[in-house]
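In full-length UniProt numbering, the protein residues as written are 1 to 323. The beta carbon of each residue, even a glycine, is placed where N, CA and C say it ideally should be. Only a predicted model underlies this, so the values are computations on that prediction, with no experimental measurement involved.
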């Protein structure tokens, strides 16, 4: 005969179980739904969705602000004659009271400008209707470097606030300093881009002579889809046309010496991989051209070497990069 305490404990446990059991059923169903959401079945690429159209509209609005515009006045010396630019009154002060200008020779000043402006890694990022420059704060040589340093702008985040690399204040000091230092700014730094649109816009908002004086570039780009497999499932800037436009711009930079392309993608067909490499044939940097890809070609040293023969770049795989 069970004791009274045992009977009471049994009754209490039965009541508690009856009360909480419905909630257990709810939790089980919720867990099942969450598991289904976390493990979707992949049945191939999907057509452009409503959110994609919203992005395309925003992209078109942004692009309108980066079209080449005529300069209202010249910034570099010597100034054009007033007859060439009627209606404009430009003047330059001789800076006779500046000991930096009057006491130091041009050669010494150029050394100072080089020390202040050169050997920097500069991210060019895109904010709402404008481009910004951002310093690279991580100097380690790893493929994750751009993710740690420039995570907010890795895929063209036009809403994010960026800290400037503070390269322009010196050039804005006076017209003489600008004229002496502006070429140094573009030719002696490495510019890094994490979005093809940002790179294309950058090529249009600065003067062609400045853009063509760039010697070192790094571009990181992630292909959301195979751009050569089915064009109906790709949209700008993740499409073939945008990629080919970027390649054409790179091919026409006269002073380009160093180029690093780091490309990310999901699984591509082998024929598409070959076409991607072929699209880079027109780009001819003078010294070093490295392309990092996420795919590992089986037997690269034996089979693929014939396909790579004559190509102007060295192929690296993600696993080959220093840790």
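Paired residues, beta bridge with residue i - DSSP
{"i": "residue 192", "result": "123, 218"}
{"i": "residue 288", "result": "258"}
{"i": "residue 293", "result": "317"}
{"i": "residue 223", "result": "265"}
Residues of its chain near residue i, where Cβ-Cβ distance is below 6 Å and the 5 sequence neighbours each way are ignored
{"i": "residue 217", "result": "191, 259"}
{"i": "residue 101", "result": "95"}
{"i": "residue 250", "result": "283"}
{"i": "residue 262", "result": "220, 292"}
{"i": "residue 314", "result": "290"}
{"i": "residue 222", "result": "264"}
{"i": "residue 211", "result": "203"}
{"i": "residue 312", "result": "284, 289"}
{"i": "residue 224", "result": "238"}
{"i": "residue 310", "result": "none"}
{"i": "residue 98", "result": "none"}
{"i": "residue 234", "result": "225, 227"}
{"i": "residue 173", "result": "none"}
{"i": "residue 108", "result": "none"}
Same chain only: Cβ atoms within 8 Å of residue i, ignoring 5 sequence neighbours per side
{"i": "residue 214", "result": "186, 187, 191, 253, 255, 256"}
{"i": "residue 239", "result": "227, 231"}
{"i": "residue 248", "result": "282"}
{"i": "residue 275", "result": "228"}
{"i": "residue 106", "result": "180"}
{"i": "residue 122", "result": "133, 134, 135, 136, 165, 167, 189, 190, 191, 192"}
{"i": "residue 184", "result": "110, 113, 114, 117, 118"}
{"i": "residue 67", "result": "204"}
{"i": "residue 317", "result": "292, 293, 294, 295, 296"}
Reduced DSSP secondary structure (H/G/I, E/B, other) of residue i
{"i": "residue 315", "result": "strand"}
{"i": "residue 246", "result": "helix"}
{"i": "residue 255", "result": "coil"}
{"i": "residue 208", "result": "helix"}
{"i": "residue 133", "result": "strand"}
{"i": "residue 118", "result": "coil"}
{"i": "residue 355", "result": "The question about residue 355 has no answer here: the residues shown for the chain are numbered 1 through 323."}
{"i": "residue 229", "result": "coil"}
{"i": "residue 263", "result": "strand"}
{"i": "residue 167", "result": "coil"}
{"i": "residue 198", "result": "helix"}
{"i": "residue 240", "result": "helix"}
{"i": "residue 46", "result": "A caution first: residue 46 carries a pLDDT of 40, below 50, which makes its placement in the model unreliable, though a value can still be read off. Residue 46: coil per DSSP, three-state reduction."}
{"i": "residue 67", "result": "coil"}
{"i": "residue 270", "result": "helix"}
{"i": "residue 235", "result": "coil"}
{"i": "residue 97", "result": "coil"}
{"i": "residue 176", "result": "helix"}
{"i": "residue 275", "result": "helix"}
{"i": "residue 128", "result": "coil"}
{"i": "residue 185", "result": "helix"}
{"i": "residue 213", "result": "coil"}
{"i": "residue 105", "result": "coil"}
Close-in-space but distant-in-sequence residues of the same chain around residue i (CB under 7 Å, 5 per side omitted)
{"i": "residue 229", "result": "269, 272"}
{"i": "residue 181", "result": "113, 117, 170, 171"}
{"i": "residue 199", "result": "193, 219, 246"}
{"i": "residue 177", "result": "170, 171"}
{"i": "residue 287", "result": "257, 258"}
{"i": "residue 242", "result": "196, 236"}
Closer than 8 Å to chain B by CB, residue i
{"i": "residue 60", "result": "Absent from the structure is chain B; it holds one protein chain and no more."}
Whole-number beta carbon distance between residue j and residue i, since they are thought to touch under 8 Å
{"i": "residue 246", "j": "residue 196", "result": "5 Å"}
{"i": "residue 120", "j": "residue 189", "result": "5 Å"}
{"i": "residue 236", "j": "residue 59", "result": "7 Å"}
{"i": "residue 244", "j": "residue 267", "result": "No, residue 244 and residue 267 are not in contact; Cβ-Cβ is about 22 Å, not under 8 Å."}
Closer than 7 Å: residue i CB and nearest the ligand NAP heavy atom
{"i": "residue 261", "result": "Looking at this structure, you won't find the ligand NAP or any other ligand, since it has none at all."}
### Message
Could you check whether the stretch 193-209 touches the stretch 167-180, counting it as contact only if at least three pairs of C-beta atoms, one from each stretch, sit closer than 8 Å?
### Response
Remark: fewer than three beta-carbon pairs, one from each stretch, lie closer than 8 Å, so the stretch 193-209 and the stretch 167-180 are not flagged as touching.
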